[in-house]
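One structure below.
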Ligand code: ADP
Ligand code: ZN
Ligand code: ZN
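Numbering (our numbering), first residue to last: 204 to 889.
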């Protein structure tokens, strides 16, 4: 018998469709099989037969399937999801299917798999669920009710936006909606941006439903753990699957409810491979399956907010925090009005405005904690020689190398190239090199000088590299061993810091003026999220919590909306801008990126690609922008270029991209210096 099998053919082969193999008696679609591919043996998924399957090479001439894994077939629903993902993001079907399966599965012999399967069923009594559900508050009850009505089929199924600040009880809504789905014998998929930053969430689901019913799927697990939890989901042994973006393609034969927490988070969009958006796929998957999906956020993405405004999504609002803690007061500090200090003109601007410093000192005196946010790690972003104007550039990238004082290195944050910091200017020998600007490491040092009595700690990618160090540092903050915590945006996420009554963003302006059109949306989300870290203890101590922002642009509408905690006004202003600028969600974008070893190769490839694309798209209303260098034009000796395609209809864009892809594969051999290229559909940043 002839079988069509989706196999992981390399992208550059241009072979995206399933390949034909033979098998003596045939196996059902969705079965996992081991098949030869070139000189390798690979794991493939038996795909659905098509009408023309009787044509072509006679079965006898085909290569044989080596073995079929003894697992239930992947469902038609799963195959449809993977096929959609591959088509929408312009990738090969086999590659997409393989990336959705846990890696170790590809290398297991049938015997090894059988042994793993035997170990799956827990022996002995399962840990009983202990958590009792609290009585819902009024807004929560409305939200849970709306979801239950969809679950039991009383209301038509429609995506829901659950809009509420941190602490407004969103997770409790997920839990109670999940309880209904579980009672119906269905599975629940919960997607979160970064699971190691939200261990509390996993713990709450485990406490409510029993740890044995919960599976986790994220990149922080060992391959063996991931295989185990993937199998538990696929076999229907786990009822709740919590995971990061990769979990959206998990096999869930009884899926009945999908939750996307912090749906605005950019990490739901993959930055490599198919560059798929797990949030968007979650919505598609739920819609095709006819099950409810809940998108939760305090600051929804503008796409989601727009869908809620237009009525395509239903909006469920949680208007107050559970503990009734008031929102923190937002204080905007106008840095333009600080007196410039003599002798400091060329140095970093003052760390803290005097008013902010006093506010932190008042917290210190009361034994409360402060969080200081600075979105730049290292000691100083660049070193500079005042005599010959040498700067610490990276020899491999168009970027500066950052000075890290801790290990006295000059390190490139793009390619990782690192050297010991020179004792004198490498060009002129001047021993007095200046550190320009400020990163978290320097901030920590300067704060220690300003607040000698304070216990200061720092949390960023440099201090949390070792396994367990993030947890240890968070535990120290929780135990009250830290007065002031300095960190990058990592500190704004997920943690429940109960004794924090002051949060300050020290120089967020640089995030406002990045070239990315989503920068304001990101900054607003970050600041609201950071503000959410403060305030739960505030009401108890009798001092309201405060969110401070140091800025040179305090009049900016973003900061003014933040001051009023007015997300809807901010979102409306942004949507108006997007509409007039022709940006998403009003237009649909795709980006073609290419890297080359020489300065011109990527650009030449993109120009040829654009010519091919224009010829294909004919009269259809598509706009091909000129190719431009990436904002960081060179990384690790690769020159990076990109080109934007814009369409007012998703369908038109999809159609043209699908025809363009083979043309790009055909062009590629003429552009030898191109090392990589990829299409990014619905890009996050342009
Ligand atoms: P969010 O997910 O929006 O941050 P949570 O669901 O985590 O909010 O709720 C914040 C806190 O309030 C949690 O400690 C949670 O256990 C508690 N909580 C949520 N809903 C209720 C309720 N109805 N009654 C009592 N406590 C609640
Ligand atoms: Zn010099
Ligand atoms: Zn570099």
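Where is the CB? At the ideal position from N, CA and C, for every residue including glycine.
Here residue 749 is buried: its Cβ has 16 or more other Cβ atoms, across all protein chains shown, within 10 Å.
Below 8 Å, too few C-beta pairs join the segment 465-479 and the segment 435-444 to call them touching: fewer than three. Residue 523 has its CB no nearer than 7 Å to any heavy atom of ligand 1.
Taking a C-beta distance under 8 Å as the contact criterion, residue 206 and residue 249 qualify as a contact pair.
Taking the Cα positions, residue 428 is about 21 Å away from residue 276.
Rounded to whole angstroms, residue 801 and residue 843 show a C-alpha spacing of 10 Å. In the three-state reduction of the DSSP assignment, residue 415 falls in the helix class. For residue 367, the enclosing beta strand (DSSP E) covers residues 363-367. Unbroken beta strand (DSSP E) runs of no fewer than 3 residues, entirely contained in the segment 223-279, are found at 235-240 and 243-249, following chain order.
Judged by beta-carbon spacing, residue 885 lies beyond the 8 Å limit of residue 454, meaning their Cβ atoms are not closer than that value. Going by beta carbons, residue 409 and residue 436 fall outside the 8 Å limit.
When only Cα atoms are considered, residue 698 and residue 736 end up about 7 Å apart. The beta carbon of residue 220 lies closer than 7 Å to those of 296 in the same chain, with the five residues before and after it left out. The beta carbon of residue 226 is closer than 6 Å to those of 204, 206 and 268 in its chain, skipping five residues each way along the sequence.
With 5 Å as the limit, the residues whose C-beta approaches any heavy atom of ligand 3 more closely are 597, 599, 600, 615, 617, 618 and 620, in sequence along the chain. The bridge partners DSSP lists for residue 480 are 472. For residue 693, there is no enclosing beta strand (DSSP E), as DSSP marks it with neither H nor E.
A Cβ-Cβ separation of about 5 Å places residue 706 in contact with residue 733 under the 8 Å criterion. Per the coordinates, the alpha-carbon of residue 461 lies some 11 Å from the alpha-carbon of residue 354.
In this structure, ligand 2 has no non-hydrogen atom nearer than 7 Å to the beta-carbon of residue 578. Taking 7 Å as the cut-off, one finds at least one heavy atom of ligand 2 near enough to the beta carbon of residue 630. In this structure residue 591 is exposed. Its beta-carbon is surrounded by fewer than 16 other beta-carbon atoms within 10 angstroms.
Our two residues, residue 817 and residue 835, have alpha carbons roughly 27 Å apart in a direct line. Secondary structure note for residue 889: it is in no alpha helix (DSSP H), with a DSSP letter that is neither H nor E. Environment of ligand 1, chain-ordered: 337, 338, 339, 340, 343, 367, 369, 370, 371, 372, 373, 374, 375 and 525, taking every residue with Cβ within less than 6 Å of a heavy atom. In terms of Cβ geometry, residue 422 and residue 465 do not form a close pair [threshold 8 Å]. Annotation for residue 603: no beta strand (DSSP E) segment contains it, and DSSP assigns it neither H nor E. In the DSSP assignment, residue 507 falls within the alpha helix (DSSP H) that extends over 505-512. Closest in C-alpha terms to residue 573, from the list 793, 791 and 686, comes 686. Between residue 372 and residue 525, the C-beta gap is smaller than 8 Å, which places the two residues in contact.
Relative to ligand 2, residue 593 has its C-beta within less than 7 Å of a heavy atom.
DSSP assignment within the segment 632-662 yields the following whole alpha helix (DSSP H) runs of 4 residues or more, N-terminal first: 643-653. At a cut-off of 7 Å, the beta-carbon of residue 588 counts as near ligand 2: some heavy atom of the ligand is closer than that. With a cut-off of 8 Å on Cβ pairs, the segment 553-572 is in contact with the segment 703-722, counting three or more such pairs.
Of the heavy atoms belonging to ligand 2, none sits nearer than 7 Å to the Cβ of residue 840. Contact between residue 339 and residue 379 holds: CB atoms are separated by about 7 Å, below the 8 Å threshold.
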